[in-house]
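Visitor: Using UniProt numbering, read the sequence shown as starting at 1 and increasing by one per residue. C-beta atoms are modelled at their ideal positions from N, C-alpha and C, and glycine is treated no differently. Once you've had a glance at the structure underneath, I'll fire off some questions.
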Amino acid sequence: MFLRGSKKRRSTRSKQQEDEDPDGGQPCTRCGDQCPGFRVHGWRKICVHCKCAREEHVVRSVPGQLEKMMTKLVSDFQRHSISDDDSGCASEEYAWVPPGLKPEQVYQYFSCLPEDRVPYVNSPGERQRIKQLLHQLPAHDSEPQYCNSLDEEEKKELRLFSQQRKRENLGRGVVRLFPVTMTGAICQQCGRQICGGDIAVFAGRAGHGSCWHPQCFQCSSCSELLVDLIYFHQDGQIYCGRHHAERLKPRCQACDEIILADQCTEAEGRYWHMKHFCCFECEASLGGRRYIMRESRPYCCACYESLYAEYCDSCGEHIGIDQGQMTYEGQHWHAVESCFCCARCRLPLLGRPFLPRAGLIFCSRPCSLGEDPDNSDSCDSALQSRRVASAPEKHPQQQQCGSPLNTLYCRRTVTSSDLPSENRRSNRNQMRSPDERD
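Encoded structure:
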């Protein structure tokens, strides 16, 4: 169930903003009836109920903000493009079609795509298109009004960042038949030949003659089909808008916005705004505190224990993150003699063979059958117990949750020259866990 033991979240959104949200109340395609309907978080781009992204909820039509941004995006592209491409349009059958094609060519193009990616009106393909528009072309990557709490300098930087990307990298694929008079070309993605008469996608920014099979016109980072053929070209590769932006600047894992501030938090290869590195559940700041990463989301120790701690099959109490534990085929015990012991004679089994039976563990076959253990040899035991967390000082919960317990420490200030050229930032505070220290 959602909202279990959760603490009240801070929200900066007004009731009027929530009422105006066109996606408010829409069901989640992942969670079904478990989510009462989409309600946007105050500053994260997720639902407060199920914590899934907006695009994971049913969106029946292109949101107004996205439609405006798309119109502006295409308009800006046409202004900087040497092609005569138009924006593409809908037909009675399709929600969107590549521009400039005859009906039979439209059919030929869509026949190359998976059935669930063809945007028939009121079909899963149309819903997938809307989902990908939201994901691949985030409005908050281009327009300051869709961002949270940017100061004037950051708004100016975002506008310049967006304008530069449109001017230097933005393009739109053009679909046309490969001339039958030509010998053919090689698809830039799969390396197979495109023959004369085949339908192909051409990308002007990738160079003259660069072309792809329709099903191969994908983002080089996420391998998703580029929605509405919109791409960003960088260093010989094509990307969706989201992943191209991330090649140039870090993205906050909490609010999903590009980080424009001079400083940010880096932990385990991901980035956060300084104020956004907080517990995913209670939103308490994690700077200088221990935390546990689960599914790329940081949790404070208290919230992690309340949400994900295992319960001991012997005493029934939860197993704390600083406590050793034993585990066997989905069962868990405190790693103490009073819990991990024979269910009949209470003989401690730490480091000893044991015999599982009907959800219990025993020291020998007679004990498992309810007989007197003194009359048998304990060598009848079948299995050797396995110590799962024997070093609580180092990684007390490593096998329990699949991720080590970490503490953020200010390692050093990272300047732009310290970062890869495609993702440089100045004055970034790099945070490392204790295990990474020299």
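In whole angstroms, what separates the C-alpha of W212 from that of R242?
Guide: Computed Cα separation, rounded: 21 Å.
Visitor: Taking the alpha-carbon positions, what's the R387 to E143 distance?
Guide: Reliability of the predicted coordinates at R387 is poor, the pLDDT of 40 falling under 50, and no value is obtained from them.
Visitor: Less than 8 Å between the CB atoms is what I'm expecting for C187 and C219, so what's the real figure, rounded?
Guide: 15 Å between Cβ atoms; not a contact.
Visitor: Count the other CB atoms, across all protein chains shown, that sit within 10 Å of the CB of L383; report buried if there are 16 or more and exposed otherwise.
Guide: Low local confidence applies: a pLDDT of 46 at L383 is under 50, so the model's placement there is unreliable, with the coordinate-based value given in what follows. By the 10 Å Cβ count, L383 comes out exposed.
Visitor: Just reading off the beta strand (DSSP E) that residue 450 is part of, what are its end residues?
Guide: Only positions 1 to 438 of the chain appear in the structure, and residue 450 is not among them; the question remains open.
Visitor: Using a Cβ-Cβ cutoff of less than 7 Å, which residues in the same chain neighbour A343 once the five nearest sequence positions on both sides are dropped?
Guide: Around A343: L360, I361, F362.
Visitor: DSSP three-state call for S223: helix, strand or coil?
Guide: Looking at S223 - three-state DSSP - the assignment turns out to be coil, as it is neither helix nor strand.
Visitor: Would DSSP call F354 helix, strand or coil?
Guide: The answer is strand: DSSP assigns F354 an E or B state.
Visitor: Quick check: the Cα distance between G197 and P179, rounded to an integer number of angstroms?
Guide: Distance between the alpha carbons of G197 and P179: 6 Å.
Visitor: Can the beta-carbon of L160 be found less than 8 Å from the beta-carbon of Q105?
Guide: No. Outside cutoff.
Visitor: Excluding the 5 residues flanking R297 on each side, which residues of the same chain have their C-beta closer than 7 Å to its C-beta?
Guide: So the list reads F280, once near-sequence residues are dropped.
Visitor: Counting pairs of Cβ atoms below 8 Å between the stretch 214-232 and the stretch 243-254, do you hit three or more?
Guide: Touching, yes, given that three or more Cβ pairs across the two stretches are closer than 8 Å.
Visitor: CA-CA distance, F340 and H49?
Guide: So the two alpha carbons sit approximately 38 Å from each other.
Visitor: Enumerate in chain order the residues of its own chain whose CB-to-CB distance from C300 is below 7 Å, with the five nearest sequence positions on each side excluded.
Guide: Closer than 7 Å at the Cβ level, and outside the excluded window around C300, lie C279, C282, A284, L286, R289, Y291.
Visitor: Would K166 be called buried (16 or more neighbouring beta carbons within 10 Å of its own) or exposed?
Guide: By the neighbour-count rule (16 or more Cβ atoms within 10 Å), K166 is buried.
Visitor: Out of P114, E317, D322, point me to the one whose CA is closest to H332's CA.
Guide: The candidate whose alpha carbon is nearest that of H332 is E317.
Visitor: Closest to S162 by CA distance: which of A185, V175, P138 is it?
Guide: Selected option, being the one with the closest Cα: P138.
Visitor: Output the boundary residues of the beta strand (DSSP E) element that contains L170.
Guide: Start and end: 170-172.
Visitor: Does the Cβ of S220 lie closer than 7 Å to at least one heavy atom of the ligand ADP?
Guide: The ligand ADP is not part of this structure, which contains no ligands at all.
Visitor: Select from C52, F217, D372 the residue whose C-alpha is nearest the C-alpha of G171.
Guide: That would be F217, whose Cα lies nearest to the Cα of G171.
Visitor: Can you find the residues in the same chain that come closer than 7 Å, C-beta to C-beta, to T29, ignoring five residues on each side of it along the sequence?
Guide: The residues are E56, H57, V58.
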